[in-house]
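First residue of the sequence shown? That's 1 in the working numbering, and the numbers climb one at a time after it.
For each residue, glycine too, the CB sits at the ideal point set by N, CA and C.
Each remark here refers to the structure printed beneath this line.
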Amino acid sequence: MAIETVDSTVETLESELKGDLITPEDEEKYDEARRVWNGMINRRPALVAQCEGVADVQAALRYAREHDLPIAVRGGGHGVAGRATVDDGLVIDLEPMHWVQVDPDSRRARAGAGATWGDVDRETQQFGLAVPGGVVSVTGIAGLTLGGGMGHVRRKYGLSCDNLVSADVVTADGEFIRASEDDHEDLFWALRGGGGNFGIVTAFEYECHPVGPEVAMCFVWYDGKQAEDALKFFREYTEDAPDEVSLLPFYAWVPELEEFPESSWGDSAIAFLGCHAGDPEVGEEALRPIREFADPVADFSGTIPYVELQSMLDEDYPDGRYYYWKSLYLDELNDEVIDSIVACSERCPVPLSTVDVWQGGGEIARVDADETAFPYRGVPYGLNFEANWDDPRETDAAVEWVRESIAEMREHSEARGQYVNFPGLEEDSSEIPFGDHAERLAEVKAKYDPEGVFRAHGNLKAEE
Ligand SMILES: Cc1cc2nc3c(=O)[nH]c(=O)nc-3n(C[C@H](O)[C@H](O)[C@H](O)COP(=O)(O)OP(=O)(O)OC[C@H]3O[C@@H](n4cnc5c(N)ncnc54)[C@H](O)[C@@H]3O)c2cc1C
C-alpha cells in the first residue's frame, strides 16, 4: 500500500490513539521512531503507533488490517533480526507500556510489554526478588521471553519463559485474551519459546525468586592462547557445577580500556562471565576455581549488587552498531568441538565480536521437553557467534565469518538447532529453529493467526 493512500485515513487512527502516531512527515520524531537497535536494519515504515495500552494496540491492529498494511510489533527493539520494524507498514510500538508491578507476597510481577529487563530488575529488587531475564538490561522483556530467555540465574530458576505465569494477548482478529495454564493452554504453550508469532502480548505475568541484593560473580579474562585449555577446564567444571552457577565463557579481544593492562590491548582473550544465584559467600567459593585456572589478564570478579551485574555489559552493545549473531546448540564439548570453536574464533575479522558458550542444564533441563514450546532443553551448551562492527565496509567479511563458522560447527555431529533469539537476520528460510515442536507450533499458528498477520520469529507459517 502506498503511503499517500494511508494518509487520507491517518487522522482517524490518530484520534483513536492515546499514544502518538508518527509518520514520515514528522521529521523530528520519525527517524528515532523507525530505528531499531541493530544498525544493519534500515526500514521506513508508513506509520509508527506508539501504544499506551491495549485499546491503542487494538486500534492500530484494526487499522493495519483494514488497510492491508504489513505489521511489525516492537517490544524493546533489541531483536537481533530486526523484525520490530517494517518497510511501508505499521509498527505497533509497545515502548510506552513499560510499567512494572510487583506483589512481594505472592512473588509475582506483572509488566507491560514495552518494559526492559532494567525496568523489571529495578522494581523486583526492591523486594529482594528477580525474574530470570537476560544479561543486558536494555533488552526488551517481550522478545526475550517469547523466544526463551537465558540469563545469569537460568540454571537455578530456569528460562524467562519458564517463569511466565500468564500473558495478555491481542489476537490477530483484535480479541483480548489471557493465556495461562488454565486458559488458552495451547497458546500459552506456544508463547513460551515459540516467539512472537501468535498475537501481540500486551503484558507478561512472571513468578519471581529471591536473588540478591548482592550476588557473587566472576568476570575474569585470560590470554587467548589459553582458550583451548580454558574450554577444557570449563567442560570439567560444568560436569558437577551447582545449579546456582551459570557460566558464559567467551572468546574476545581485549578492549582498549584503562581497566585492562595496556600491553594486552587488542590481544585475543578467553573470558569467563558467571553468577552464583545464592549466598554470596558460598558463591565466591564456588566461583573461585574459575578465577584460579591460570594467571589472568584482568579479574573483575567479586560480590556486587545484582542490578549492577545485570547492566554491566550494556555499554558494549550501543544502538546503531552493526550486529550479526547466529547460534547453535552443542550436545558435547569434546576436544574436536573445542578445537573448532577456537579455530573459528581466531579467524574473526572484526574484533568487537565475541564467541559465546552458554552453559545449559540445571533447571532448564528439568522442565519436561514438551511442557513449553522451547526446544533443545536438554542440551548442555549453546554456542553463539556474535559479529559486532562499526565500519560498513566490514559487513561482508563479518557476516561471512559467522556463516562459515556456523557451517563448520554444523559438521560436528554434536551440533544442531538454533536459538530463536540469536537467528542471524533469518535470511535463510530453511532454518526453522523450533526442532521437534515445529509442527505443533504451526497448528497453534493456524488456530490463532491463520492469515499470517504476525511474522515475528523463525519463519513460522500456519500449517498448510
Ligand atoms: C544486547 C543484547 C543482549 C541480549 N542478551 C540476551 C540474553 O542474555 N539472553 C537471551 O536469551 N537473549 C538475549 N538477547 C537476544 C534477545 O532475546 C532478543 O534479541 C529479543 O528478541 C529482544 O527482545 P526485544 O523485545 O527487545 O526485541 P524486539 O525487536 O522488540 O522484538 C523481537 C521480536 O519479537 C516480536 N515481539 C516483540 N514484542 C512482542 C510482543 N509484545 N508480542 C508479540 N511479539 C513481539 C517482534 O515483532 C520481533 O519479531 C540479547 C539481544 C541483545 C540485542
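**Study point:** Exercise answer, beta-carbon shell around ligand 1 heavy atoms below 5 Å
**Key:** With 5 Å as the limit between CB and the heavy atoms of ligand 1, the residues that fall short of it are V73, R74, G75, G76, G77, H78, G79, V80, R83, A84, A113, G134, V135, V136, T139, G140, A142, G143, L144, G149, M150, G196, I200, V201, Y317, N421, A456.
Exercise for review: Could you tell me if F352 is buried or exposed, where buried requires 16 or more neighbouring beta carbons within 10 angstroms of its beta carbon?
Suggested key: The question names Phe, yet the displayed sequence has Leu at residue 352. Using a 10 angstroms sphere on the CB of L352, the tally of other CB atoms reaches 16 or more, which defines it as buried.
Exercise for review: Verify whether the separation of the beta carbon atoms of G302 and S268 is less than 9 Å.
Suggested key: Not closer than 9 Å, so no.
Check your understanding: Of the residues D20, R62, L129, G195, which one's Cα is nearest the Cα of T372?
Key -> Distance from the Cα of T372 is smallest, within the candidate group D20, R62, L129, G195, for G195.
Review point. What is the DSSP secondary structure of V254, reduced to helix, strand or coil?
Key: DSSP places V254 in coil when its eight states are reduced to three.
Review point. Under a Cβ-count criterion, where at least 16 other Cβ atoms within 10 Å of its own Cβ denotes burial, should V282 be classed as buried or exposed?
Key: V282 should be labelled exposed.
**Study point:** Opening and closing residue of the alpha helix (DSSP H) in which K156 lies
**Key:** Annotation for K156: the continuous alpha helix (DSSP H) segment containing it runs 154 to 157.
Exercise for review: Could you pull out every residue in the same chain whose Cβ sits closer than 7 Å to the Cβ of A179, ignoring the five residues on either side in sequence?
Suggested key: S166, A167, V169, L187, F188, L191, listed in sequence order.
Review point. How would you call R154, buried or exposed, if buried means at least 16 neighbouring beta carbons within 10 angstroms?
Key: So R154 ends up on the buried side.
Check your understanding: Three-state secondary structure (DSSP) at L330?
Key -> It is a strand residue.
**Study point:** Three-state secondary structure assigned by DSSP to E464
**Key:** With a pLDDT of only 48 at E464, under 50, the local geometry of the prediction cannot be trusted, and the value read off the model is given with reservation. In the structure shown, E464 sits in coil (DSSP, three-state: anything other than H, G, I, E or B).
Check your understanding: Going by alpha carbons, who is nearest to W117 out of Y206, A271, A415?
Key -> Comparing Cα positions, the closest option is Y206.
Practice item. Please classify P104: is it buried, with 16 or more other beta-carbons within 10 angstroms of its beta-carbon, or exposed? Key: Around the beta carbon of P104, a 10 Å sphere encloses fewer than 16 other beta carbons of the protein chains shown; the residue is thus reported as exposed.
Review point. Going by C-alpha distance, which of T238, H457, G452, E363 is nearest A172?
Key: Selected option, being the one with the closest Cα: G452.
Exercise for review: Starting from L47, follow the beta strand (DSSP E) in both directions and report where the run begins and ends.
Suggested key: 47 to 50 is the extent of the beta strand (DSSP E) around L47.
Review point. What are the boundary residues of the alpha helix (DSSP H) that I406 is part of?
Key: 395 to 410 is the span of the alpha helix (DSSP H), which, as asked, contains I406.
Exercise for review: Helix, strand or coil for W265, going by three-state DSSP, please let me know.
Suggested key: For W265, the secondary structure class from DSSP, reduced to helix, strand or coil, is coil.
Point to revise | Same chain only: Cβ atoms within 7 Å of E408, ignoring 5 sequence neighbours per side | key: Cβ neighbours of E408 beyond the five flanking positions: S340, C344.
Practice item. Measure the C-alpha to C-alpha separation of E14 and I432 and round it to an integer number of angstroms. Key: Using only the alpha carbons, I get a separation of about 37 Å.
**Study point:** From G212, N384, D356, residue whose alpha carbon lies closest to that of I270
**Key:** A check of alpha carbon separations from I270 across G212, N384, D356 identifies D356 as the nearest.
Check your understanding: Nearest to G128 by CA position, among V307, T354, E394, L383, is which residue?
Key -> For G128, the nearest C-alpha among the options comes from V307.
Point to revise | Span of the alpha helix (DSSP H) around G147 | key: Per DSSP, the unbroken alpha helix (DSSP H) holding G147 starts and ends at 141 to 147.
Exercise for review: With 9 Å as the threshold, decide whether the Cβ of W37 is near any Cβ in chain C.
Suggested key: Among the chains of the structure shown, chain C does not appear; only one protein chain is present.
Check your understanding: Counting along the chain, where does the alpha helix (DSSP H) carrying L61 start and finish?
Key -> Its alpha helix (DSSP H) spans residues 54 to 66.
Point to revise | As assigned by DSSP and simplified to three states, the class of V135 | key: The three-state secondary structure of V135, taken from DSSP, is coil.
Point to revise | Identity of the residue in H437, F300, M217 nearest D370 by Cα | key: The closest CA to that of D370, considering only H437, F300, M217, is found on H437.
**Study point:** Through-space distance from F385 to E258, alpha-carbon basis
**Key:** The alpha-carbon separation between E258 and F385 amounts to approximately 26 Å.
Exercise for review: Would you list the residues sitting across from Q359 in a DSSP beta bridge?
Suggested key: Answer by DSSP bridge pairing, in chain order: Y381.
Review point. Expressed to the nearest angstrom, what Euclidean distance is found between the alpha-carbon atoms of V102 and V138?
Key: Roughly 19 Å between the two C-alpha positions.
**Study point:** Distance CB(A415)-CB(Y322) smaller than 9 Å
**Key:** Going by C-beta atoms, A415 is not nearer than 9 Å to Y322.
Point to revise | Simplified DSSP assignment, three categories, for H98 | key: Reduced to three states, the DSSP call for H98 is coil.
Point to revise | Extent of the continuous alpha helix (DSSP H) to which I290 belongs | key: Bounds of the alpha helix (DSSP H) holding I290 are 280 to 291.
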